[in-house]
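Numbering (my numbering), first residue to last: 643 to 732. Here a beta-carbon is modelled for each residue, glycine too, at the ideal position from N, C-alpha and C. All values reported here derive from a predicted model rather than from experimental measurement. Let me begin by presenting the structure, written as structure tokens, before commenting on it.
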């Protein structure tokens, strides 16, 4: 299956897997960090709830955006925003 994929698609898939894996590694530590900053357990729950709801609400908008400008451009723009988001953690 992988042998027949175009080179660019393989690069996109591998980089997406790497980015998602590394990006999700922070999740187990985020509650500890929020609590260390003086947050409450309720605030930890609110943080993850808002995060999940925001992602769920943005997915249809992302699909519309992708249909409007084309998938390649949408992936490129999404990559830039993802990079900016990761830079915000630094």
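Review point. Going along the chain, which residues of its own chain have a beta-carbon closer than 8 Å to the beta-carbon of residue 655, five neighbours each way excluded?
Key: 647
**Study point:** residue 728 (DSSP reduced to helix, strand or coil)
**Key:** helix
Exercise for review: Output yes or no for whether 8 Å exceeds the beta carbon distance between residue 737 and residue 708.
Suggested key: This structure does not reach residue 737, given that the chain is present from 643 up to 732, and the question cannot be answered.
Exercise for review: Kindly indicate the opening and closing residues of the alpha helix (DSSP H) around residue 688.
Suggested key: 683-711
Practice item. Please state whether DSSP places residue 670 in a helix, a strand or coil. Key: coil
Practice item. Could you tell me which of 662, 666, 710 and 701 sits nearest to residue 690, measuring between CA atoms? Key: 666
**Study point:** residue 647, DSSP secondary structure in three states
**Key:** coil
Review point. When DSSP labels each residue in this structure, what does residue 654 get in the three-state scheme?
Key: helix
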